[in-house]
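A short write-up of the structure that comes next.
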Amino acid sequence: MSDTVLVERADGVATITLNRPHKKNAITRELLDSLDAALDAIARDPADRVLVLTGAAGDFSSGADLTDRQAIGAGPPQPFLTHMRGVSDSILRLHRFLKPTIAAVDGVAVGMGMNMALACDLVIATDRARFCEIFPRRGLAIDAGGSWILPRLVGLHKAKELAFFGDMVPAADAHAMGLVNLVCPAAELGVVVDAWARRLATGPTVALTLTKSLLNNAFSTSIDQALEDEARSQHVTYSTEDAKEALAAFVGKREPSFKGR
């Protein structure tokens, strides 16, 4: 793993920081490879119960680094379609990540950077954060899952407005249209994100994982299948130690202490 991605762990919360501050954390193939490796390691570690994704030095990400020679074919040429399919694999890894994820967004979240933030389960932004589907201003089609996630978050017509014009959207407007869960002062981002992350990290991990899966499938399944999936998920959670602890805590009139199993 290169230093383009930093990983910190504390009390069940694993934080991945995109770390190319000299380019506002623009995304290269090297960064994506390191991100993939970090996600895989966190997914395998039961001690890591929540993922926070953020950027270094006051910005989330300015999007794809269009000067990335590894992506555009330095040395032996790599077909660009092959590169883009690799990008898609990285985005899918984030969308399919089983544990709860939070994007902590300060500064710019542009293009692929915006869609990477939206791939997380929750988005917390500072009041100086700005979002932009910049692709049309670069003569490019939308990518990194934006065509899939935007209509689900804001509706089809608003998604087309964002994707056709590529205008910069302030945090307050992003919150009003449903792109962002919460907006806070920049100085409080760490505290606010930590509070949400720790609540999730001390929650019933199996139940949260299954709930995430059920919600992610909501737009592609029937009510009949959703109810069957809920029944199967409840069958699993009912046998967990956390469910037993929750019942004991209810009877004992105390707060439960979940262990994530």
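Residues in the sequence shown are numbered from 1 upward in steps of one, following our numbering. Ideal Cβ positions, reconstructed from N, Cα and C, are used throughout, including at glycine.
Using the rule of at least 16 other Cβ atoms within 10 Å of the residue's Cβ for burial, across every protein chain shown, is residue i buried or exposed?
i: N217; result: exposed
i: S222; result: exposed
i: F258; result: buried
i: K24; result: buried
i: D224; result: exposed
i: R261; result: exposed
i: F250; result: exposed
i: A74; result: Per-residue confidence for A74 stands at a pLDDT of 48, beneath the threshold of 50, marking its modelled position as unreliable; no derived number is given.
i: R152; result: exposed
i: A171; result: buried
DSSP three-state call for residue i: helix, strand or coil?
i: P204; result: coil
i: G139; result: coil
i: R9; result: strand
i: G145; result: coil
i: F219; result: helix
i: P170; result: strand
i: S90; result: helix
i: L81; result: helix
i: A159; result: helix
Can the beta-carbon of residue i be found closer than 8 Å to that of residue j?
i: D40; j: G12; result: no
i: V105; j: A197; result: no
i: A129; j: G107; result: yes
i: C184; j: D121; result: no
i: L215; j: P100; result: no
i: A163; j: I142; result: yes
i: L18; j: S90; result: no
i: F60; j: T54; result: yes
i: M116; j: A144; result: yes
i: S239; j: L210; result: no
i: A38; j: V87; result: no
Assuming the contact rule is C-beta atoms closer than 8 Å, residue i and residue j should be a hit. Round their C-beta distance to whole Å, please.
i: V123; j: L200; result: About 14 Å; that fails the 8 Å criterion.
i: A103; j: A64; result: At roughly 17 Å, the Cβ-Cβ gap does not stay under 8 Å, so A103 and A64 are not in contact.
i: D242; j: P204; result: 4 Å
i: G113; j: S34; result: Going by Cβ atoms, the distance from G113 to S34 rounds to 16 Å, so no, they are not a contact pair.
DSSP has residue i in a bridge; who is on the other side?
i: V236; result: Per DSSP, none; premise fails for V236.
i: T17; result: L6 and T54
i: F131; result: A109 and V169
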